[in-house]
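*Asks:* Take a look at this one; I'll ask things after.
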Amino acid sequence: MNWLISPAHAQTGGAAPGGGGIELIMLVVMVAVFYFFLIRPQQKRAKEHKNLVQSLNKGDEVITSGGILGRVTKVTDDFVVLEISGNLEIKLQKQSVQATLPKGTIKSI
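Throughout, the numbering used here is defined as the position within the sequence shown, counted from one, plus 1431.
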């Protein structure tokens, strides 16, 4: 079976015994950096947004991801109806609500 492996690949020279520890440590450090700086903050934002969407109530003033300001007039399981001007109402998915605003914000604009 030795004829399948070339002599260059069969030799073990070049690497010191136990020299792979530094590479392993660097890999662990990189995974930790990605977790604490990318993955964990994204999970935190997603959890906050989920709580925001679940806590929507009639009368809340919100801004959507498209930049539309409105007052919530009806809330269902998946949708929310916003009054954006007088008698003009639009129906949106709850997930498109980006943030709630303090009461009276729409009147002050």
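Ideal Cβ positions, reconstructed from N, Cα and C, are used throughout, including at glycine.
Mind the definition here: the stretch 1458-1477 touches the stretch 1502-1515 only if three or more C-beta pairs lie below 8 angstroms; say whether that holds.
*Replies:* The stretch 1458-1477 vs the stretch 1502-1515: no contact.
*Asks:* For Asn-1541, I'd like the list of residues in its chain whose CB is within less than 8 angstroms of its CB, leaving aside the five on either flank, ordered along the chain.
*Replies:* Summary: the structure shown does not reach residue 1541, with the chain confined to residues 1432 through 1540, and so no result is reported for it.
*Asks:* Quick check on Lys-1522: does DSSP put it in helix, strand or coil?
*Replies:* strand
*Asks:* Assuming Ile-1515 contacts Gly-1501 under a Cβ cut-off of 8 angstroms, what Cβ separation, rounded to an integer in Å, is found between them?
*Replies:* Approximately 4 angstroms separates the beta-carbon atoms of Ile-1515 and Gly-1501; this is inside 8 angstroms, confirming the contact.
*Asks:* Along the chain, where does the alpha helix (DSSP H) that runs through Phe-1510 open and close?
*Replies:* Where Phe-1510 is concerned, there is no enclosing alpha helix (DSSP H), although the beta strand (DSSP E) it sits in stretches over 1510-1516.
*Asks:* Kindly list the residues whose CB is nearer than 7 angstroms to the CB of Gln-1529, restricted to its own chain and excluding five residues on each side of it in sequence; keep chain order.
*Replies:* Ile-1494, Thr-1495, Ser-1496
*Asks:* Taking only the alpha-carbon atoms, compute the straight-line gap between Glu-1520 and Leu-1483 and give it to the nearest angstrom.
*Replies:* 21 angstroms
*Asks:* Give the straight-line distance between the Cα atoms of Ile-1540 and Met-1457, rounded to the nearest whole angstrom.
*Replies:* 52 angstroms
*Asks:* According to DSSP, Val-1528 sits in a beta bridge with which residue or residues?
*Replies:* Thr-1495
*Asks:* For Lys-1505, list the residues DSSP reports as bridge partners.
*Replies:* For Lys-1505, which the question treats as bridged, DSSP gives the partners Val-1512.
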